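Remarks on the structure that follows.
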Amino acid sequence: TPIIQYSRRAKIAQSSALLTVADEPASLAQEEEIGRLKERVQVLEDREAVAINNLEKMPQSRGSNNEGEAAAERISNDSEEIARVLTS
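One point on numbering: in UniProt numbering, the residue at position 18 of the sequence shown is 18, and numbering is uninterrupted.
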């Protein structure tokens, strides 16, 4: 009957509206987490830039150069990993 069909449609519309409202706190929490992760990426990128700058200023010796490159590589890998998480 038309009344039952209308009632079903009304219930579906109400449940859809409720789901949207219920999702808002989750999306706000996600936005906050994304903001924190973006800040962390920036910190890691800044550290990477400092490490590279310090590496370039260091006297050229095999041992210290390899250690500096390894540290810069670890920082770079961390930045890339966080960037992958943010874009997934």
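Glycine included, C-beta positions come from ideal geometry on N, C-alpha and C.
Given the structure is predicted, the values throughout are model-derived calculations rather than measurements.
Reduced DSSP secondary structure (H/G/I, E/B, other) of residue i
i	result
S88	coil
Residues near residue i by beta carbon distance below 6 Å, same chain, minus five either side
i	result
S76	E48
8 Å CB neighbourhood of residue i in its chain, flanking five on each side removed
i	result
D78	L44
I82	L37, R40, V41 and L44
Contacts around residue i, its chain only, beta-carbon distance under 7 Å, and the 5 residues preceding and following it disregarded
i	result
A72	E48, A51, I52 and L55
Alpha-carbon spacing of residue i relative to residue j, whole angstroms
i	j	result
S27	R74	32 Å
A70	R84	21 Å
E33	K11	34 Å
Q30	D46	24 Å
Q86	S7	The sequence given here places Leu at residue 86; Gln does not occur at that position. If you take the alpha carbons of L86 and S7, they lie about 42 Å apart.
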